[in-house]
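These notes concern the structure reproduced below.
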Amino acid sequence: MNINSDSKKENTFDAIVVGTGISGGWAAKELTEGGLKTLVLERGRDVKHVKDYPTMNKHSWELPYRDQLTAKERKDYKVQLRPGYTLKQSTKHWWVKDTDQPYNEKKGSFDWIRGYHVGGKSLMWSRHVYRWSKVDFEANAKEGVGIDWPIRYEDIDKWYGYVENFIGVSGRKEGLSQLPDGNFLPPLDMNCVEKDFKKNLFDKLGRTYTSGRVTNITKNHNGRGKCQSRNLCIRGCPYGAYFSSNSSTLPAAEATGNMTLKTNSIVHSIIYDDEKNKATGVRVLDSETLEMTEYYARIIFLNASTINSTLIML
Numbered sequence: 000m001n002i003n004s005d006s007k008k009e010n011t012f013d014a015i016v017v018g019t020g021i022s023g024g025w026a027a028k029e030l031t032e033g034g035l036k037t038l039v040l041e042r043g044r045d046v047k048h049v050k051d052y053p054t055m056n057k058h059s060w061e062l063p064y065r066d067q068l069t070a071k072e073r074k075d076y077k078v079q080l081r082p083g084y085t086l087k088q089s090t091k092h093w094w095v096k097d098t099d100q101p102y103n104e105k106k107g108s109f110d111w112i113r114g115y116h117v118g119g120k121s122l123m124w125s126r127h128v129y130r131w132s133k134v135d136f137e138a139n140a141k142e143g144v145g146i147d148w149p150i151r152y153e154d155i156d157k158w159y160g161y162v163e164n165f166i167g168v169s170g171r172k173e174g175l176s177q178l179p180d181g182n183f184l185p186p187l188d189m190n191c192v193e194k195d196f197k198k199n200l201f202d203k204l205g206r207t208y209t210s211g212r213v214t215n216i217t218k219n220h221n222g223r224g225k226c227q228s229r230n231l232c233i234r235g236c237p238y239g240a241y242f243s244s245n246s247s248t249l250p251a252a253e254a255t256g257n258m259t260l261k262t263n264s265i266v267h268s269i270i271y272d273d274e275k276n277k278a279t280g281v282r283v284l285d286s287e288t289l290e291m292t293e294y295y296a297r298i299i300f301l302n303a304s305t306i307n308s309t310l311i312m313l
């Protein structure tokens, strides 16, 4: 373990962020733009925007088995396959192999979907983003269920807008109280069938049919190109047309000069100072050399997903 005093000085930062998925990327962006020297740790490999999207422009006939998994691969990715259509030859490199990363569960009780690489599940998500409404924040208190939310829609409204302005969200403003409007880019166009269905649904039933509110941008935004409607998003978009850590927050963090990104760095545990009653750093295992190193900071963000963040704290 690397614990000499000189090393401790070299390994001390203002902040540490564990994980590079959607929340980790945001933490890195905000901390570095605030002037903090920030160490960002990722347990998996590096994925550079565009450069490391190997199948982004391939046709199905250019891929093994016309982009379908073999019977053996379906067993290797048994859990990761449960969401359905997302895992193919063209995308399997984003998912962990379940035979390499097994876990125990009661049959059908939990699908642990994982992607261990820079960007995490921000490269694999469905890109739909909806604001919670007043109804959502007040429901527990009004219905006597669970614990009341400590905040209300009014408290978070401006932060919804802050995020939307950066990531780019396409959608239609409908004025629905249960689905608050945001700061939208123009929506993706409806086809003729959808337009006819929308009209008839409203005319006959008074119901609203609207476009999904998604982070597929419909015009150039923050250095990213608009969506080309290729339906190949999950392979990685060379235009940067959907929001991911790789296309958006991490480049913003890197541009500050305040980010140090370390890949293949598995956070083993939190360093806790009993005298200060505070977390002071993290222990990190290099997955290639198996060397353990300690890093220190006044601020530590755990963004390694719900389960892995909990494992680190335990």
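Numbered per numbering that gives the first Met the number 0, the sequence shown spans residues 0 to 313. All C-beta atoms, glycine included, are put in the ideal place defined by N, C-alpha and C. From a predicted model like this one, the values you see are computed outputs, not experimental measurements.
Handout entry: Residue from K47, T11, S22, W25 with nearest C-alpha to K36
Key = T11
Problem - Nearest residue (CA-CA) to I21, options K106, H116, K57 - result: Nearest to I21 by C-alpha distance, out of K106, H116, K57, is H116.
Exercise for the section: Mind checking which residues open and close the beta strand (DSSP E) that includes E293? Expected result: 291-301
Practice task
Run the CB neighbour count on C191, radius 10 Å, all protein chains shown included, and call it buried at 16 or more, exposed below.
Solution key: exposed
Handout entry: Stretch-stretch touch, CB-based, cutoff 8 Å, three pairs: the region 62-73 with the region 81-88
Key = yes
Handout entry: First and last residue of the uninterrupted alpha helix (DSSP H) at R314
Key = For residue 314 there is no data in the structure shown, the boundaries of the chain being 0 and 313.
Exercise for the section: Pull up the distance between the alpha-carbon of D135 and that of R206, whole angstroms please. Expected result: Between the alpha carbons of D135 and R206 lies a distance of about 20 Å.
Exercise for the section: Alpha carbon to alpha carbon, how far is N219 from D202? Give it in angstroms, no decimals. Expected result: 35 Å
Exercise for the section: List the endpoints of the continuous alpha helix (DSSP H) containing F196. Expected result: 191-204
Problem - Complete alpha helix (DSSP H) runs within the region 229-257 (minimum length 4 residues, chain order) - result: Complete alpha helix (DSSP H) runs here, min 4: 249-254.
Practice task
Return the chain-ordered list of same chain residues with a C-beta closer than 7 Å to the C-beta of P63, the five sequence neighbours on each side being excluded.
Solution key: Q88
Problem - Simplified DSSP assignment, three categories, for T279 - result: strand
Practice task
Please classify F196: is it buried, with 16 or more other beta-carbons within 10 angstroms of its beta-carbon, or exposed?
Solution key: exposed
Practice task
In the DSSP assignment, find the beta strand (DSSP E) that holds R40 and state where it starts and stops.
Solution key: First, the residue type needs correcting, since residue 40 is Leu and not Arg in the sequence shown. Element bounds for L40: 37-40.
Handout entry: Distance, V49 Cα to H58 Cα
Key = 17 Å
Handout entry: Supposed close pair A90, R234 - CB separation, criterion 8 Å
Key = With the sequence shown as reference, residue 90 is identified as Thr, and Ala is not the correct amino acid for it. That belief holds up - the Cβ atoms of T90 and R234 are roughly 6 Å apart, short of 8 Å.
Handout entry: Under the three-state DSSP convention, the category T262 falls into
Key = If DSSP states are grouped into helix, strand and coil, T262 belongs with coil.
Exercise for the section: Using 10 angstroms around the beta-carbon of G145, count the other beta-carbons present and answer buried if the total reaches 16, otherwise exposed. Expected result: Residue burial annotation: G145 is exposed, with fewer than 16 other C-beta atoms found within 10 angstroms of its C-beta.
Exercise for the section: Please say whether A251 and R223 have beta carbons closer to each other than 8 Å? Expected result: no
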